[in-house]
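Here this note's numbering is used: the first residue of the sequence shown is 640, the next is one more, and so on. Beta carbons: idealized from backbone N, C-alpha and C, even for Gly. Predicted model, so just to flag it, every value in this text is computed and none were measured. First the structure, in the form of structure tokens, and then the observations on it.
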Amino acid sequence: MAPRDFIDTNVFIHQLDRSDLRKHQIADDLVRGSLRSGAGYISTQVAQECLNVITTKARVPPGHAQAQAYLDAVLAPMIQVGSSPELLRRALDLPARWQFGFYDALVVAGALTAGCTRLLTEDLHHGQRVEQLTIVSPFLDSAR
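Here it is in structure tokens:
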């Protein structure tokens, strides 16, 4: 079975933001490759966070049509995990053992629920393992 990657919000933000060209290129390659392979997964939480950041916090926010197009072409095809009581319970169980904040725990729970083997994020500890999941910071030189 091909590995499954769960992609955190910050990867999408770097894909859209060209202020750090190295991170932009890495993120763009990851997102495009994930769309081609079908092995990139996200939750509705990640899609919501991404849309919130790009429409309210970006230096140059996209227009409605651009945000809608990004949702349709990039985010929606990757959504594999929706909100559910089970997901919330799993997220509540993670902080006690792993010292995650709740929203990070919700991302980890989404990745575990989707059966992913890697969580691509720069927000957590690179190399940390949680069950079958390995956290990978794709922007570290050692991660590539």
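Proximal residues to GLY766 (C-beta, below 8 Å), its chain only, five neighbours per side dropped:
THR773, ILE774, VAL775
Could you give the residue range of the beta strand (DSSP E) that holds GLN705?
Run containing GLN705: none in the beta strand (DSSP E); it sits in the alpha helix (DSSP H), 703-709.
Start and end residues, alpha helix (DSSP H) containing VAL795:
The requested residue 795 does not occur in the structure, where the chain is confined to residues 640 to 783.
Where VAL747 falls, given that 16 or more other Cβ within 10 Å makes a residue buried
Flag for VAL747 reads buried.
Is it true that the stretch 734-749 meets the stretch 695-709, where meeting means three or more beta-carbon pairs spaced less than 8 Å apart?
Contact fails: fewer than three Cβ-Cβ distances are below 8 Å.
With H, G and I counted as helix, E and B as strand and the rest as coil, what does DSSP make of PHE739?
coil
Is the beta carbon of VAL720 sitting closer than 8 Å to the one on GLY749?
yes
If you count every other CB in all the chains shown that lies within 10 Å of the CB of LYS662, and 16 or more means buried, which is it?
buried
Indicate the three-state DSSP secondary structure (helix, strand or coil) for VAL775 in the structure shown.
Three-state result, VAL775: strand.
Cutting at 6 Å between CB atoms, please list the residues of its own chain near PRO642, excluding the five before and the five after it.
THR756
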